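Student:
There are 2 protein chains.
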Amino acid sequence: MSAVLVVNSGSSSFKYQLIDMDTETELASGLVERIGEPVGHSRHNAGPTKADRSERDLPIVDHTAGFAVMIEAFSQHGPQLSDASLIAVGHRVVQGGNRFFEPTEITHLVELNIEDLSEIAPLHNPGAVQGIRAARASFPNVPHVAVFDTAFHQTLPPAAYTYAIDKDLATRYRVRKYGFHGTSHKFVSEAVATFLDRPLADLKTIVLHLGNGASACAVDGGRSIDTSMGMTPLQGLVMGTRSGDIDPAVIFHLRRRAGMNTAELDDLLNRRGGMLALAGNGDMRDVEDASIAGDPVAQAALDVYFHRLKGYVGSYYAQLGGADVIVFTAGVGENSPIVRAGSLAGLEGMGIEIDPVRNEAKSRKSRVISTDASKVTVLVIPTNEELEIARQTLATINRTHPSN
Amino acid sequence: MSAVLVVNSGSSSFKYQLIDMDTETELASGLVERIGEPVGHSRHNAGPTKADRSERDLPIVDHTAGFAVMIEAFSQHGPQLSDASLIAVGHRVVQGGNRFFEPTEITHLVELNIEDLSEIAPLHNPGAVQGIRAARASFPNVPHVAVFDTAFHQTLPPAAYTYAIDKDLATRYRVRKYGFHGTSHKFVSEAVATFLDRPLADLKTIVLHLGNGASACAVDGGRSIDTSMGMTPLQGLVMGTRSGDIDPAVIFHLRRRAGMNTAELDDLLNRRGGMLALAGNGDMRDVEDASIAGDPVAQAALDVYFHRLKGYVGSYYAQLGGADVIVFTAGVGENSPIVRAGSLAGLEGMGIEIDPVRNEAKSRKSRVISTDASKVTVLVIPTNEELEIARQTLATINRTHPSN
Ligand SMILES: Nc1ncnc2c1ncn2[C@@H]1O[C@H](COP(=O)(O)OP(=O)(O)O)[C@@H](O)[C@H]1O
Ligand SMILES: Nc1ncnc2c1ncn2[C@@H]1O[C@H](COP(=O)(O)OP(=O)(O)O)[C@@H](O)[C@H]1O
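Protein sequence lines correspond, in order, to chains C and G. Here the first sequence stands for residues 8 to 411, numbered as in the numbering used here. Here the second sequence stands for residues 8 to 411, numbered as in the numbering used here.
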């Protein structure tokens, strides 16, 4: 057996998953949170059942202490990391800028570069660097690999990633569309080819990753050619708490008329926007429940969500010159027949036809939800970002440490 | 004969056109500019030839003085306003908010309401009010009518006009998508029905108004259901000097990292953006000439312009559930085969097929530029906002002054 530990680190928490690479199955997973607070918390799942779960409340002073808590949980509750033959640690990093276009084995210099990219990802990269430093100190004998959310979008043409603003300023402050959720868009668009048993190179696919964060991606023969998130994860679709697209002049207006400062405006769009702003709740399940119960405010919020999503489907249909596949993934995409039906309603003229029975059927598996007559195949495919990070980590160390 | 004077007023200038409503032809036109500067300027075209043109340089202290200059030009160079039987003055007003959904005869109260809407259109409405006041003082015996750029978009559904931000704040500060260029979108979408001799109610049309400012509009049976400009004319397409869509977080980033203030950021996106930023020139003719001469920077700028436009075509194709017509209008749309071909390239799979010979043919007339086989009919139709304002002005006074 050989296993990869996948780590997704924020500034006060990290999640982990241990994956058996021979079978590509999860061996264990967990979470360490409230790092730096008076009382921290950890949860470890040594296996798939509730009985396998153990939790602790204790002060966790920093990420290094957090990894000690994790290592103790492995040794106490299993699986034993030595038995699991841990061969590498894969780290999720949100922003790779235009420096990291591939999964990259982490050195001190790579750490510094990821840290430097905090300038354009102040909410994400600092936490990733803290996690990487602590994990490398805790597991000094295995290679660590950084896998970037932006990397899959390296193939965007300049026409798609360039904003129409002063070019010197854009270069100096690294302003361009980077796109995010790349690990998921890559995993899912490749899974489409496998699922349909068709060559990836032949497929034009629109991936709709709809979770708390949400983004659409136009994938042409396995290459991302456009995506809805921008320089940051704010642009694009309506999300749980993010506004997505808005007239940028709204910011100037609210600055001048409402006297709001940058922190307040950032908060308004990034943390108090989206479904939270429109329906009073950022959790799609709750919004749908309210709408089903007859709440017109929740229904109106859903209509905004659908409208935005439908526009991006059309946009990417045009950018691809027609689509073979539209695929839904992530929490909302995998679980909400209401969102899937609502966002593709009225697109029969584009050869997009959902089968209501297939759409409503509950399943955890990859599946077709379009009619047999639908020109465009509509799929639901569960994403697995951790597995994709583990795969890329393994591929990277196989390249850089061919002796392994 | 009965004539309508159409006035388009800014804070330091106004344009005018006198239109014979029996024949719907222009009788005269002109421009008064640099109002309030040490030396102002006026130009009057008493007819269609160069010999009919007269110009003056003189101090013009305010809009009222400007109208005096105009009236003098009419009386000196003709046509005589009395002979022309001036029956009304129509004023272009950019922002009608959600107060003015129709052309409206101007009273003191209407003036105050237009002035109040300056809060959301600080660059446009104050100049319009100045022009209206001066014109009413200069022509006190005819009715004046305000025609709003936003009015045609009154039919947008909430799903299209709602931004996903705090609802109370949005209501209080009147933040929503209004859309602009409505007079042109209305004129052109109705002209499509006439040109094709088909009922307006049956047509799904995407109007691409591409001038210095640019916007796209999805028109379903004569009703605007989506449009690319937003609360202000900044959102949407790449324009001459405006960025159009951008990740709103770019503003926060540049505020924090580059220390730019609101005025500088507004300037960056509204006056130093668009083709000016990307190609060093906001005039599309010059950008095209540079690209034809082999300048890769100009070509790259065009590619960004095309990409954005193509995305909106796809988006509105989806919002309409398929389109019957795509129509190009305004300076760029009417005159640039390069832009028309570039923005619709690769859309054959959507039934959109431009005929290169028809597209390249020079003409000032409404014309088809798609192939006979193209499922979607692609047209070029010259816009005429002044005529549309005159028509709406006439229709309004016929309703309110039926004795006329
Ligand atoms: N059955 C369901 N119906 C609708 N939404 C669901 C359902 N199950 C989960 N969701 C939604 O999925 C979202 C979380 O998606 P997820 O992909 O886990 O998010 P993240 O972006 O944080 O990874 C939440 O808004 C949640 O309400
Ligand atoms: N032959 C042409 N080819 C390309 N662009 C043209 C051509 N003629 C005019 N234009 C462009 O049209 C734009 C002005 O359009 P117009 O509709 O007059 O603008 P406005 O929005 O100010 O009303 C300018 O960018 C100009 O370069």
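From the three backbone atoms N, C-alpha and C, an ideal C-beta is built for every residue, glycine too. Small disclaimer: the values here were computed from a predicted structure and weren't measured.
1. Could you check if C/Asp-123 is buried or exposed, using at least 16 other CB atoms within 10 Å of its CB as the buried criterion?
2. Inspect the beta-carbon positions of G/Asp-331 and G/Lys-211 and report whether they are closer than 8 Å.
3. In chain G, which residues lie less than 9 Å from C/Ser-250 when you measure between Cβ atoms?
4. Under 8 Å between C-beta atoms, does C/Thr-162 make it to chain G?
5. Can you grab the Cα-Cα spacing for the pair C/Gly-47 / C/Pro-66, in whole Å?
6. Return the chain-ordered list of same chain residues with a C-beta closer than 6 Å to the C-beta of G/Phe-81, the five sequence neighbours on each side being excluded.
7. Can you pull the chain C residues whose beta carbon is under 8 Å from the beta carbon of G/Leu-416, in chain order?
8. Closest by CA to C/Thr-336, which one among C/Arg-263, C/Ile-388, C/Asp-175?
9. If we ignore side chains and look at the alpha-carbon of each, how far apart do G/Val-304 and G/Gly-321 end up?
10. Using the C-alpha atoms, what's the distance from G/Arg-230 back to G/Asp-204?
11. Quick check: what's the CA-CA separation for G/His-98 versus G/Arg-183?
12. Given 7 Å as the limit, tell me if G/Gly-349 has its C-beta closer than that to any heavy atom belonging to ligand 4.
13. Taking Cβ positions only, does G/Asn-382 come closer than 8 Å to chain C?
14. Kindly list, in the order they appear in chain G, the residues whose Cβ is closer than 8 Å to that of C/Gly-321.
15. Which chain C residues are close to G/Ile-127, counting only those with a beta carbon under 9 Å from its beta carbon?
16. Which ranges does the beta strand (DSSP E) cover as unbroken runs of at least 3 residues, wholly within the segment 322-393 of chain C, from first to last along the chain?
17. Assign G/Lys-317 to buried or exposed, taking buried as 16 or more other Cβ atoms, counted over all protein chains shown, within 10 Å of its Cβ.
18. Identify each residue in the segment 269-280 of chain C for which the Cβ-Cβ distance to at least one residue of chain G is less than 8 Å, and report them in chain order.
19. Quick check on C/His-314 - is its C-beta less than 8 Å from some C-beta in chain G?
20. So is the beta-carbon of G/Gly-247 under 7 Å away from any non-hydrogen atom of ligand 2?
21. Below 8 Å on the Cβ atoms is my guess for C/Ser-350 versus C/Phe-313; work out the distance and round it to an integer in Å.
22. Would C/Asn-148 and C/Val-100 be called neighbours here (beta carbons separated by less than 8 Å)?
23. Please confirm whether G/Ile-258 and G/Arg-181 have their CB atoms less than 8 Å apart.
24. Please indicate yes or no: does the CB of C/Gly-218 lie closer than 7 Å to some heavy atom of ligand 2?
25. What residue range does the beta strand (DSSP E) around G/Tyr-23 cover?
26. For C/Gln-242 and C/Leu-285, what's the separation of their Cα atoms in angstroms?
27. Could you check whether C/Ser-36 and C/Ile-94 sit closer than 8 Å to each other, using their CB atoms as the reference points?
28. Tell me G/Ala-223's beta-bridge partners as DSSP assigns them.
29. Based on Cα-Cα distance, which residue from C/Asn-268, C/Thr-71, C/Gly-247, C/Asp-273 lies nearest to C/Val-311?
30. Considering only C-alpha positions, which residue in the set C/Ile-361, C/Ser-191, C/Arg-347, C/Gly-220 is nearest to C/Ser-377?
31. What did DSSP end up calling C/Asn-52 once you bin it into helix, strand or coil?
32. Starting from G/Asn-15, follow its DSSP beta bridges and name the residues at the other end.
33. Would you call the CB atoms of G/Thr-190 and G/Phe-159 closer than 8 Å?
34. Which partner residues does G/Thr-32 have in the DSSP bridge list?
35. Any beta-carbon of chain C closer than 8 Å to the one on G/Tyr-180?
36. Does the segment 264-282 of chain G come close enough to the segment 158-174 of chain C to have 3 or more Cβ pairs within less than 8 Å?
Tutor: On the basis of the data shown:
1. exposed
2. yes
3. Tyr-170, Ala-171, Ile-172, Pro-255
4. no
5. 5 Å
6. Leu-88
7. The structure shown does not extend to residue 416 of chain G, since chain G is modelled only from 8 through 411, so no value can be given for it.
8. C/Ile-388
9. 26 Å
10. 18 Å
11. 24 Å
12. Ligand 4 is absent from the structure shown, which contains only ligand 1 and ligand 2.
13. Contrary to the premise, residue 382 of chain G reads as Lys rather than Asn in this sequence. Not closer than 8 Å to any Cβ of chain C, the Cβ of G/Lys-382 fails to qualify, so no.
14. Gly-321, Ser-322, Tyr-323, Tyr-324, Ala-325, Gln-326
15. His-260, Arg-264
16. 332-336, 384-387
17. buried
18. Thr-269, Leu-272, Asp-273, Leu-275, Leu-276, Asn-277, Arg-279, Gly-280
19. yes
20. yes
21. 5 Å
22. no
23. no
24. no
25. 20-27
26. 17 Å
27. no
28. G/Leu-215
29. C/Gly-247
30. C/Ile-361
31. strand
32. G/Lys-22, G/Arg-99
33. yes
34. G/Asp-27
35. yes
36. yes
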